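Those sequence lines, one after another, are chains E and G.
Just so you know, the first sequence maps onto residues -11 to 790 in my numbering.
Just so you know, the second sequence maps onto residues 15 to 346 in my numbering.
Report on the following structure.
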Amino acid sequence: MPHLVGQRLARAGRDCLMDGTARHGPPVARRLLVSGRVQGVGFRPFVHRLAHRLELDGWVRNEGGSVLIHVEGPRERVERFGAALVAQAPSASRAESIVTTDAVAQRKAGFVIDTSVSRVSVAVHLPPDLFVCEACLAEMNDHRARRHRYPFINCTQCGPRFTIIDGLPYDRARTTMAGFTLCPDCAREFETPGDRRFHAQPLACPRCGPRCLFEAGRTTIVDTDEALAATLAALNRAEIVAVKGIGGYHLFADACDPTAVARLRTRKGRPDKPLAVLFPTHEDDPLGPLSQWLTPSRSERDALLDPARPIVLVRRRAVGSAITNALDAMATSPPGERPPSDTTAELAAGIAPGLAEIGAMLPYSPLHHLLTRAFGRPLIATSGNVSGEPVLTDPDDARRRLAGIADAFLHHDRPIARPADDTVLRTSAGRLRPLRIGRGLAPLELEMPVALDAPVLATGGHMKTAIALGFGKRLVLSPHIGDLDSPRALLVFESLADDLQSLYGQRAVRLVCDAHPGYASSRWARARGLPVHTVPHHNAHAASITLDHPDVRDWLVFAWDGVGLGTDGTLWGGEALVGGPGRWQRAGSFMPFMPVGGERAAREPWRSAAALCWQAGLAFERPIERVHLARQAWQRGLNSPSTSAVGRLFDAAASLLLGLDHTSFEGQGPMWLEARAQGDGRAIDLPMISDGPLVRTDWRPLLVHLLDAELSIEQRAADFHETLAGAALVQAQHIAASSRIEAVGLGGGVFQNRRLVEAMSRQFSTAGFDLRTAQRIPVNDGGLSAGQMLEHAATVAVAARA
Amino acid sequence: MTERVTLAQGNGGRRMRELIAQVFVTAFGAAAPDTRVDAAIVGDPGGPLVLTTDGFTVQPLEFPGGDLGALAVHGSLNDLAVAGAEPRYLTLGVILEEGFEIEVLRRLVASFAREAAAANVRLVAGDTKVVPRGHGGGAYFTVTAAGVLARPGLTPAAPRPGDRLLVSGPLGDHGVAVMLAREDFGMSGDVRSDCAPVLGLCRALWPLPGLRFTRDPTRGGLAGVTHEIATACGHGIRLVDDSIPIRDQTRVICEMLGFDALTLACEGRVIAVVACDEAPRALRRWRNLPSGRDAAIIGTIVAGASTVVLETPLGGERIIEELDDDPLPRIC
C-alpha cells in the first residue's frame, strides 16, 4: 500500500530503540512503550496476536496516547517479539519510538488486553480517518456475510477515527459509537483474539450499528437498502442529494449530466469554482474507470490510492476522448470482463470551467463504494456547505442550510464529532503537495526543531483557516476549517480549538495570531484573556516551509500570496525574506501598486489591472462601468491601499489577458491564467530598483508585454509565469551576493501554481540554487498556523537564550 | 474683495461684536439669544431634562443635501429625539479659522438658524472663537441641545429575542454624499445627504408600548448601532441583506470604491427595535410619513452570543464586524 506521509514503517524501524543484548538464558520480562500513531489503528489487537503466536505471557494497554506492553517468556522469543513489533505493524500505524526496559516477571499465564488507563501525556497521537480496507470491502460484497451491503462496515484496520473520537484513550465509550450497544455477534468478534474486529472500537453491523435514512420532501425511508436505492433513483433523475459521509455531508450529482451540474451551480451560487468528482472503482483495476476520463501520472495514481483517499487534481483527457477510449476498452477486453461503469458518458463541461484539471477521488467509505458501484458513472461530490463555510455534519443543520440546494438527503445516525473536509493534493515539480489538509490526513502531526516552554495555540489566518496546537517540540495542524466570515466557521473554529487542547491534554497558556488585527482569528485570540503574540503574515508563510526541511539553517524564502499585513503597516505579498524562523529580514519585494476598492480587489481582478496601467501611465481599456470613479479614487489614494502582492499581479494578468474582471472564487484569476498558458514561455527582463535595504522588481516591462496583442494569449500567459520565475532568480542572485543562503524556499498561496513552481525549480537549479518547497503543509493560508507556531517557538527560544 | 475672518474678530472686542451682529443676529433675527449676557435662563423645562452635546467638523462644509449648519442642528436634535425627548433649546459654539470667508460663514449660520426655526427650537446661548490660520478646518460648530423626556424607557439593553429591527429609510447616503463632495469627484448631486430631522419618525413610534430602543446610525452606520445594541442587550442580531434599503446610486458608488454601506453614516435615519407583534404597525406608521416612505423591517434580535450576522441571498451568513479605524483588506 503506498503511503503519502513519509515512510511510516521504515521510519518507525529507524527510530526505535531496541534493547537486544544476550541471546540465550532464562526467561526474561520486558516493558515496551510504543509512541506515535498507535491508537485506533489496530495496534493492541496486533500485539495480542503476536504475543499469542510467540506464546508469550503479559499484557498490552493504552497508556495515554501510547501503547504499553509487558511481555515475558524465553529471551529469544521476546526478542523476536520486539523485531516483529516493527516489521509487522499494522499499515495504518506509525510508531515514532519504542522504548524498551527490563521488568520484573509477573508470572501470570496468558496474554491479555488490559483495561485502558486514561492518563494523558505528551505522547498522545490522534489517528486520522481510514479508508475501508480490502477485507471489509470483500465482506461487504459477499452476499453470504452478515454485513453484506452494510455501509458502516469497518475493522481494526479501517473506518472512521478522528471524526468520531470524543476523547482519548481511544475506546468505544469515548467515541460517537458509544450510543450503539454491540449485538451478541459483534460483541463476540470484539472479544475474540485473532478476529479482525478484536477490539475494533467502531465495530458495527446491520443489527446493532448505524443506519441510513433517506429524505425527500415528505418521503422518508428508513431501510438502508431502500434508502440507497432511492438515492440512486434521485441521482438518475439529475437531482442533487446531500449524502452524509465520514467528515461531513457531500452534495452528490451526476457528473455526466450537464443539467444536474448546472442546477447544483445555480443553487449553490457557485458559477465557476471547480467541483470535486468521485469516480467509480474496479476491484481488479481500481483506477480503470477513472482513467477513461483522466490521465493521472504515476505519483497521482499512487496518491489517489493512498489510505488518505484524498482529492487529487488530475489532468482530464481531451473532450470526446471518453467515447473513443471506451470503444477501445470494449474492443480489447473480452466480453464479460468489461468495467461496470458507463464508459461512453462525458464529464459535464461545467465541472471545472477554465481549468485543465479535475479534482478526483476514489470511494473511501463503504457507503461511497455502494453508491458509486451501483451508479456506474462519476459523481460530483462537493462539500455539503454554504460556500466558504465548514462542511456540515449534523442532520438538522444540513436540512436547514441545504434546503435550497439538495432535492434529497441520505443521512445516517452515526454522529460526526467534528468536521473534516476532503484533503486536496496537487502535483508540482514531480511531487504531490497538499492544498488542503482534511479527512484522512488530519490532524497532521509534525515535529519542530525547537521546543516550546508551554502549550500554545496558533489561530491561523482569516481565509482557508486551520489552527495549530504546539507543545514541546510537537505541532498538531487541524483540518481545514474554512473562511472565518460566517458564524458557523467561527463556531467550528472555537470547538476545534477546544477539542485539540482536550484531546491532546494540553491547555494553551498563550495564543499566537496573525499581525492583522481585523482577522476573525486575531479578534478571537484577543478576546480570550490569554497573552497574545502576533506573527507577521509572511514570516509565518516562510517559517511554515522550513518545517519540511530541518537540515537548512540559512534561508531565502519567497513569500508570495494575495495580501497580508507587513511589518511596515502596508500590504505585502511579493516578499523575499532572508534568515530563518524568528530572524527573518525582508530583502526583496515588488514595486508597490494601489488596487482601488480595498478588499474588493481580491474578487475583482480588473482593479489590480487598472492600478498597474494607471501607475505605468498606460491606458486601462477594460470595459468597466464607471471606471472613471475608480480612477478618481485611485488618484486621491481613496481606499486604495498600497501592496506588493504577486497574487494581485496574477489577477491583473487574468483581467488583461482573459478578460476575467470579476471572479466568483478565491484564486480564480491565477488558476485560469495558469490553465491557459501554453508552450515554454519567455522571460522578460525586469529591472530591480534599490529601496533602502530592499531590492524591488519593477513590473512595468511585464505589463507592457501583457498588453502586446500581437502575441497569443497562451504565449503571454506562459511568458508571465516564466518572467516572474526569472525575476525571483535575479532577486535571489542579488541577495545571495550579500547574505548567506543555503537554500531557497517557496511559501504563500501563489506557489499552488504548478507552472510557476516548475519554472522556478528549473531556473533556480540551473543557476545552482537548492530550491525547497513545502511537502506536508499547504503553502496557502491553510499552513499559516503551523508557521506561526514555529515562528513563535523560535522567537521564544531566542529570547530564552538571551 | 472677499471678506474674511480675522484674528481680531475673536478677541472679545468691538470687531467681535460686529461679526456677531453682522452674521449671527442677522441670521436668527428675533430668535437670536440675548448677546448682552453670558448665560441664558430658560425656566422650568416641565419634565426630566435630556441633554446632549456634539462637535461638528464635517469636510467639506457644504455638500449636496446639507451643510455644517444644518448638520449641527439635526445631529444634535436627532440625538435627543432618538433618546425619547422633545427638543427645546440649543447652544452654539463656533470656532473659526483666520481667513475663513465671511460669506460662507453667513450661509452656514443662516442654514443653522433656518433648521432650528423649522424644528421650533430656540438658540439660547452662543460663543465664537478664531484660531490662527492653519489651526482649523475653516469652521467647527459645537452644539449642546436640551429637551424634555417624552418617551421614557428606551435603552439598548431592552431588546429581547424575537424583537424586530426597523430602519426608517435608505442607508449610507450621507456618508457617500460627503465623501464624493470632499474628494471633489465632480459628480456632486448624484447622491444627496439624508441630513434631516427625525423627530417626526420618533414621535410616530413613541405611543407603541413595544418600542424598545431607537438610535440614529451616524458614525459607524448600521454596523456600529447593531453592535451597540447586541452588546448592551446581550443577544445576537440577524440582518437580512435583501431587506436593507440602499439606493441604487449609493450601492453602485460603494461597490465601485469598495465601501460597505452598512458602515457609512446617515444623518436623517432611525434604527428602531420593536416587539415582534408591533413591528408591522411601526412599519405602517413610518411609511405614512414622507421621511419614512422607504422604511423596512431588516432584522431580528435572536438568543445567543452578541454577534451581528448578515443573512445573504442563497443562504450564506456573514459576521458583521464594527468598522475598524483603518480597514485593511483581509482577503488573500
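A virtual CB, placed ideally from N, CA and C, is assigned to each residue, including glycine.
Just so we're clear, the structure is a prediction, and the values are computed from it rather than from any experiment.
>> For a contact defined as C-beta to C-beta under 8 angstroms, what are the partners of residue 256(G) on chain E?
In response: None at all; the shortest Cβ gap to chain E is about 14 angstroms.
>> So, under 8 angstroms CB-CB, residue 117(E) and residue 428(E) are touching, yes? Tell me the CB distance rounded to an integer number of Å.
In response: 6 angstroms
> Are the C-beta of residue 474(E) and some C-beta of chain G separated by less than 8 angstroms?
Replying inline: yes
>> Between residue 141(G) and residue 108(G), how many whole angstroms is the CB-CB distance? I'm expecting something under 8 angstroms.
In response: 7 angstroms
> Which residues in chain A sit within 8 angstroms of residue 257(E), going by Cβ to Cβ distance?
Replying inline: Of the protein chains in this structure, namely E and G, none is chain A.
>> For residue 482(E) and residue 442(E), what's the separation of their Cα atoms in angstroms?
In response: 20 angstroms
>> Check for me: the beta strand (DSSP E) holding residue 567(E) runs from which residue to which?
In response: 559 to 567
> Using a C-beta to C-beta distance shorter than 8 angstroms, which residues of chain G count as neighbours of residue 91(E)?
Replying inline: Result: empty, since nearest Cβ-Cβ is about 53 angstroms, beyond 8 angstroms.
> Does DSSP classify residue 527(E) as helix, strand or coil?
Replying inline: helix
> In terms of alpha-carbon separation, which member of 62(G), 283(G) and 269(G) lies closest to residue 160(G)?
Replying inline: 62(G)
> the region 266 to 291 of chain G: which residues have C-beta closer than 8 angstroms to a C-beta of chain E, in chain order?
Replying inline: 266, 267, 269, 270, 271, 272 and 273
>> Short of 7 angstroms Cβ to Cβ, which residues in the region 186 to 207 of chain G face chain E?
In response: 197 and 199
>> With a threshold of 7 angstroms on Cβ separation, who are the neighbours of residue 170(G) within its own chain once the five nearest residues in sequence on each side are excluded?
In response: 227, 242, 243, 246 and 247
> How is residue 31(G) classed by DSSP in three states: helix, strand or coil?
Replying inline: helix
> With 16 other CB atoms within 10 Å as the buried threshold, where does residue 764(E) fall?
Replying inline: buried
>> Quick check: is the beta carbon of residue 395(E) nearer than 8 angstroms to any beta carbon in chain G?
In response: no
> Ordered along the chain, which non-local residues of its own chain (more than five positions away) have a Cβ less than 7 angstroms from that of residue 621(E)?
Replying inline: 584, 627 and 628
>> What does DSSP give as the partner residue(s) for residue 155(G) in the beta ladder?
In response: 70(G) and 108(G)
> Just how far apart, CA to CA, sit residue 211(E) and residue 198(E)?
Replying inline: 11 angstroms
> Of the residues that make up the region 370 to 390 of chain E, which ones have a beta carbon closer than 7 angstroms to any beta carbon in chain G?
Replying inline: 374, 375 and 389
> From what residue to what residue does the alpha helix (DSSP H) around residue 92(G) run?
Replying inline: 82 to 96
>> Does residue 668(E) pass the burial test, meaning 16 or more other C-beta atoms within 10 Å, or should it be called exposed?
In response: exposed
> Which residues in the same chain have their Cβ closer than 8 angstroms to the Cβ of residue 307(G), if we skip the five residues on either side of it in sequence?
Replying inline: 183 and 301
> In this structure, what does DSSP give as the bridge partners for residue 349(E)?
Replying inline: 266(E)
> Can you list the residues of chain G that residue 640(E) reaches, using a CB-CB cut of under 9 angstroms?
Replying inline: Ordered by position in chain G, no residue passes the 9 angstroms Cβ test against residue 640(E), which lies about 15 angstroms from the chain.
>> Taking CB distances under 8 angstroms as the criterion, tell me whether residue 424(E) reaches chain G.
In response: no
> Does residue 72(G) get closer than 8 angstroms to chain E when you measure Cβ to Cβ?
Replying inline: no
>> The beta strand (DSSP E) that contains residue 573(E), what's its start and end?
In response: 573 to 578
> Is the Cβ of residue 338(G) closer than 8 angstroms to any Cβ of chain E?
Replying inline: yes
>> To be precise: take each residue of the region 564 to 587 of chain E, compare its Cβ to all Cβ atoms of chain G, and keep it if any distance is under 8 angstroms. Which residues remain?
In response: 584, 585, 586 and 587
> Are any of the Cβ atoms in chain G nearer than 8 angstroms to that of residue 224(E)?
Replying inline: no
> Hey, is residue 620(E)'s beta-carbon within less than 8 angstroms of any beta-carbon in chain G?
Replying inline: yes
> Does the beta-carbon of residue 294(G) have 16 or more other beta-carbons within 10 angstroms, so that it is buried, or is it exposed?
Replying inline: exposed
> Any residues in the region 302 to 326 of chain G with a beta carbon nearer than 7 angstroms to a beta carbon of chain E? Which ones, in chain order?
Replying inline: 321 and 323
> When the cut-off is 8 angstroms and only beta carbons count, does residue 661(E) lie next to chain G?
Replying inline: no
> From residue 30(G) to residue 335(G), what does the alpha carbon distance come to, in whole angstroms?
Replying inline: 47 angstroms
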